[in-house]
Every structure is written in C-alpha cells, then in structure tokens.
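In the numbering used here, the protein residues as written are 1034 to 1391.
What follows is one structure encoded as structure tokens, with my remarks underneath.
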Amino acid sequence: MQSEQFEVRRDSLAETRVVSARLPNLVDGEILTRVDRFALTANNITYGIVGEKLGYWKFFPVESGWGIIPTWGFADVVASRHPDVATGERLYGYFPMATHLVMRPGKLKESRLVDISDHRAELPLVYNAYMRTGEESAFDASMEDERMLLMPLYATSFCLYDFLQDNDYFGASQIIVPSASSKTAIGLAYALKEDVGSRVCIGLTSPGNRSRVAELQLYDKVVTYDELSAIDETQPTVIVDMSGNGALLSDLHALLGDNMKYTSNVGVTHYDANKMGPHFIRERSAMFFAPAHIQKRTKEWGPGEFEKKAYRFWYDASIKSREWLVIERHDGMDTLGRVYSRLLAGKVSPDKGIIVSL
Ligand SMILES: NC(=O)c1ccc[n+]([C@@H]2O[C@H](COP(=O)([O-])OP(=O)(O)OC[C@H]3O[C@@H](n4cnc5c(N)ncnc54)[C@H](OP(=O)(O)O)[C@@H]3O)[C@@H](O)[C@H]2O)c1
C-alpha cells in the first residue's frame, strides 16, 4: 500500500510536490494512522514561514530542503503494534498534509496519548498530545469541523484575552487588532465582547475585508489599513497583532508614540511585508507563543484546568461562529495544491473554513 504526502520547499513555500512511498512496516510499539480530514488557515502558512525558527519542520521530517506543514485534524488508527491502542480508534491532533502517519504512542491516558517518537521529544506537548475521541466524555462528532478549524485558534484567542487581563491591559483604554478578519482575532473579539470590563476594541483590516469584519459586529470600530488617522492616538493603547506587517506596525507606533503601551506580536498573516519599519518600538513589543502561555497557566492552575476553560470558550464561540463561517471542502492532492496556493496568496475569503480530505 502507498502513502502520499504534500511537501513544500522550506525556503520557497510556493514550490510544492507530492511524494508517494510504500508504507513502512510497523515495529513493536508503533501505530499507523490514516489521516481523514484536516483544516487549513493562514496559521498553517505561518507554521511554514517560522518553521526554521520555531521548529515546525521537525514534526514530520522529510528530505533536506523540503518540509511538511503541520495541520490540525482527525485520523483513524488502521494498524497497531501497540498493546493499548486498537485499530479503529479515532485521534484528534497534529497531523501532516499526508495520507498516513506512523506514531509511537506513550504517556497513555484513557482519552489522550502522546507521540513519543524520538524526533518529537523536544517539541511542545500541546502539539505532541492527541485526543482519543472515542473515550472523550464531551466528544461531539457534529463539531469535528469547528474543532479542526477553530479550536487551535480560539484556544490562542482565549490565551490572549487571559494574557491581556492578567496584565491589566498594560494600562490601555483601547485595543487595536491588525488582521481583524483572521479567526484568531475574531476569537479574541468574542472574548472581549463578552466582558463588560474590557477595553474599546478596534479591528484593523484590509479594504476588501472591511464590510465582512463590520458585519460581525464584534469590534467597537473597524478601520482599514489606509485610514490610520481614524484612530484616536491620545488613548493609551495595546496592539494585539496578527499581521506581522512591519510597515503598518511602524506607522501605528509612530502615530501612538508614548501611548503605545505594549504590542503583542502574535501572527504574520502579511508574511511578505514583515520587514520592520523605522518607528517600531521594540522595547515595548514581544512575541506571543500560545504553547508557552498554556504551559504557564497549567503550572499555575493545575493540570487540565486550562483545557477545561479553553474548551468551554472554544465551544461557545464556535456555535456563534456558525452565523458567519462557511465550510469549504476539498478532496485529493490536486485540489489541496490549488487551495494551498490560494491560501498562500491570501485569496481565501475570511468567512471560509477550508477542510481537506486526502
Ligand atoms: N503566536 C501563536 O501562538 C499563534 C497561535 C495561533 C495563531 N497565530 C497566528 O495568528 C495569525 C492568524 O491565523 P488564522 O489562522 O486565524 O488566520 P485566518 O483566519 O486564515 O486569517 C485570514 C486573514 O489573514 C489575512 N491574510 C491571510 N493571508 C494573507 C496574505 N497572503 N496576505 C495578506 N493578508 C493575508 C487577511 O486578513 P486582513 O485583510 O484582515 O489583514 C485574511 O482575511 C497567523 O499568523 C497565525 O499563525 C499565532
């Protein structure tokens, strides 16, 4: 039997190829999973952009120079040489853009296992852990699409909201969110909207996405990238940035000056505009990495507490998201190639949720 995987050139993400191989024979302790479906958003493109720096190429290593971008999805166990993992089990977690994945389960709990393969040993637990959905008490099969698409992003939104609260909004009275149409930003906007004690939230987006963002009615104000003068620069401000747009951040920092209290660098949706401009205030800006925040809260709140809160948040926000989210399904390697190119070029409308089956 053959497996197929979708690979990209690490230094040129537009170059792709499909590689077929014979499925390897399992050794004791291993399982073979058949990837069923996975979601694609700008977050996956970012995994490729920062793959070298943050280790994302290490999850599913291939020939030097090439890489497999990780995704969130579901897979079924189709062969097992592990005594406690049965064929037919369904797993949710981090899977390659490929038909199959060989894993080495360890640290088994009733509803969770960890891939303890040597090459993943140094990588964050949130990516190495898989949920065994058949054993999950709260498992809801009707939410599988939202789980792949929104759980990783809304868990980050929840982290960002928690981080802002924990720091008393850095003394700010307004929050600016560039790339406000992104799902991670929308999740944050849901959290802020629910909280009467939060701050004024301004969504910044491109002119083409303005009306869609405004229709959500989640941001107090929606401003496009070419009308920064509509921002009240006299207000102490915190920026939660999904765009990574260097010129934009520089312009915002120049406009706000001392009122720019803090910038959280969360994402790089505008990855091809990431050269920092001259007014960027580095000393009040820092990268945000959700797995690190989750690790901190797990230590402080105790095991499982973060997951419980984030799950509740994701569930409620996902139900609300059904009002605007349109699932777009794709099947097979050829269509994956096409939708991946659209995503890379920023040509996927923000209300679309891409789900791929191979
Ligand atoms: N630090 C962390 O731990 C963490 C965790 C989760 C996500 N993130 C990051 O948050 C960001 C948002 O991810 P997401 O999955 O929520 O995004 P998404 O929903 O797919 O966002 C789509 C939006 O991003 C902008 N965009 C996407 N591709 C673009 C391109 N090629 N050129 C210009 N703009 C483009 C557009 O927004 P506008 O027109 O509004 O700009 C577009 O509507 C990603 O960079 C992701 O990696 C970070």
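C-beta atoms are modelled at their ideal positions from N, C-alpha and C, and glycine is treated no differently.
Worksheet item: Residues in its own chain within less than 8 Å of residue 1369 by CB, not counting five upstream and five downstream?
Response: Locating residue 1369 in the sequence shown gives position 336, where the first residue counts as 1. So the list reads 1039, 1130, 1363, 1389 and 1391, once near-sequence residues are dropped.
Practice prompt. Counting only the same chain and skipping the five closest in sequence on each side, list residues whose C-beta sits under 6 Å from that of residue 1170.
Written response: One-based indexing of the sequence shown puts residue 1170 at position 137. Correct list: empty, nothing qualifies.
Worksheet item: Is residue 1358 helix, strand or coil when you go by DSSP?
Response: Stepping through the sequence shown from its first residue, residue 1358 is reached at position 325. Residue 1358 falls in the coil class under three-state DSSP.
Discussion item. Rounding to the nearest angstrom, what Cα-Cα distance links residue 1174 and residue 1283 in this structure?
Written reply: The count along the sequence shown starts at 1 and reaches residue 1174 at position 141. The count along the sequence shown starts at 1 and reaches residue 1283 at position 250. Spanning the two alpha carbons is a distance of roughly 44 Å.
Worksheet item: Nearest CA to the CA of residue 1139: which residue from 1132, 1133 and 1147?
Response: Walking along the sequence shown from the start, residue 1139 turns up at place 106. That would be 1147, whose Cα lies nearest to the Cα of residue 1139.
Worksheet item: Less than 7 Å between the CB of residue 1091 and some heavy atom of ligand 1, yes or no?
Response: Locating residue 1091 in the sequence shown gives position 58, counting from the first residue. No, the Cβ of residue 1091 stays beyond 7 Å of every heavy atom of ligand 1.
Discussion item. Which complete alpha helix (DSSP H) runs does the region 1130 to 1180 hold, if anything under 4 residues is left out?
Written reply: 1158 to 1161
Worksheet entry | Every unbroken beta strand (DSSP E) inside the region 1194 to 1248 [3 residues or more] | 1207 to 1211 and 1233 to 1238
Discussion item. Within the continuous alpha helix (DSSP H) that includes residue 1332, where are the two ends?
Written reply: Your numbering for residue 1332 matches position 299 in the sequence shown. Run containing residue 1332: 1323 to 1334, per the alpha helix (DSSP H) assignment.
Discussion item. Pop quiz: residue 1182 and residue 1072 are said to be a contact at Cβ under 8 Å. What is the actual Cβ separation, rounded to whole angstroms?
Written reply: Within the sequence shown, numbered from 1, the residue matching residue 1182 stands at position 149. Within the sequence shown, numbered from 1, the residue matching residue 1072 stands at position 39. 4 Å between Cβ atoms; contact.
Fill in: 6 Å CB neighbourhood of residue 1082 in its chain, flanking five on each side removed
Indexing the sequence shown from 1 puts residue 1082 at position 49. Around residue 1082: 1301 and 1304.
Practice prompt. Classify residue 1293 as buried or exposed, calling it buried when 16 or more other Cβ atoms lie within 10 Å of its own Cβ.
Written response: Against the sequence shown, residue 1293 aligns to sequence position 260. So residue 1293 ends up on the buried side.
Practice prompt. Over the uninterrupted alpha helix (DSSP H) stretch that includes residue 1371, give me the two end residues.
Written response: Locating residue 1371 in the sequence shown gives position 338, where the first residue counts as 1. Residues 1366 to 1377.
Discussion item. Taking 8 Å as the cut-off, does the region 1219 to 1238 touch the region 1179 to 1194 (at least 3 CB pairs, one atom from each stretch)?
Written reply: yes
Discussion item. Buried or exposed for residue 1115, going by 16 or more other Cβ atoms inside 10 Å?
Written reply: By 1-based counting over the sequence shown, the position of residue 1115 is 82. Counting Cβ neighbours within 10 Å, residue 1115 comes out buried, since at least 16 surround it.
Item to complete: Give the range of the alpha helix (DSSP H) segment to which residue 1081 is assigned.
Response: Start at 1 with the first residue of the sequence shown, and residue 1081 comes out as number 48. Counting along the chain, the alpha helix (DSSP H) containing residue 1081 begins and ends at 1075 to 1082.
Worksheet item: Between which two residues does the beta strand (DSSP E) harbouring residue 1386 extend?
Response: Taking the first residue of the sequence shown as position 1, residue 1386 is located at position 353. Residues 1385 to 1390.
Worksheet item: What does a CB cutoff of less than 8 Å around residue 1091 pick up in its chain, not counting 5 residues either side in sequence?
Response: Here residue 1091 refers to the residue found at position 58 when the sequence shown is read from its first residue. If we look at residue 1091 and ignore the five residues flanking it on each side, its Cβ neighbours are 1152, 1153, 1155 and 1156.
Discussion item. Is residue 1269 near ligand 1 - that is, is its Cβ less than 7 Å away from at least one heavy atom of it?
Written reply: If you number the sequence shown from 1, residue 1269 lands on position 236. For ligand 1, not one heavy atom lies less than 7 Å from the Cβ of residue 1269.
Worksheet entry | Opening and closing residue of the alpha helix (DSSP H) in which residue 1280 lies | Along the sequence shown, one-based indexing puts residue 1280 at 247. That run of the alpha helix (DSSP H) goes 1279 to 1289.
Worksheet item: Which same chain residues, not among the five before or five after residue 1168, have their C-beta less than 7 Å away from its C-beta?
Response: In the sequence shown, the residue the question calls residue 1168 occupies position 135. Contacts found: 1143 and 1144.
Practice prompt. Mind checking which residues open and close the beta strand (DSSP E) that includes residue 1405?
Written response: As shown, the chain starts at 1034 and ends at 1391. That puts residue 1405 outside it, with no answer to give.
Practice prompt. Determine the DSSP secondary structure at residue 1254, reduced to helix, strand or coil.
Written response: Translated into positions along the sequence shown, residue 1254 becomes position 221. DSSP places residue 1254 in strand when its eight states are reduced to three.
Item to complete: Collect the residues with a C-beta less than 6 Å away from any heavy atom of ligand 1 and give them in sequence order along the chain.
Response: 1074, 1075, 1076, 1079, 1186, 1189, 1212, 1213, 1214, 1215, 1216, 1217, 1238, 1239, 1242, 1275, 1276, 1299, 1300, 1301, 1302, 1303, 1321, 1322, 1323, 1378, 1379 and 1383
Fill in: Straight-line Cα distance separating residue 1246 from residue 1354
Start at 1 with the first residue of the sequence shown, and residue 1354 comes out as number 321. Start at 1 with the first residue of the sequence shown, and residue 1246 comes out as number 213. If you take the alpha carbons of residue 1354 and residue 1246, they lie about 13 Å apart.
Worksheet item: From residue 1208 to residue 1121, what distance separates their C-alpha atoms?
Response: Counting from one through the sequence shown, the residue named residue 1208 turns up at place 175. Counting from one through the sequence shown, the residue named residue 1121 turns up at place 88. Answer to the nearest angstrom: the Cα atoms are 47 Å apart.
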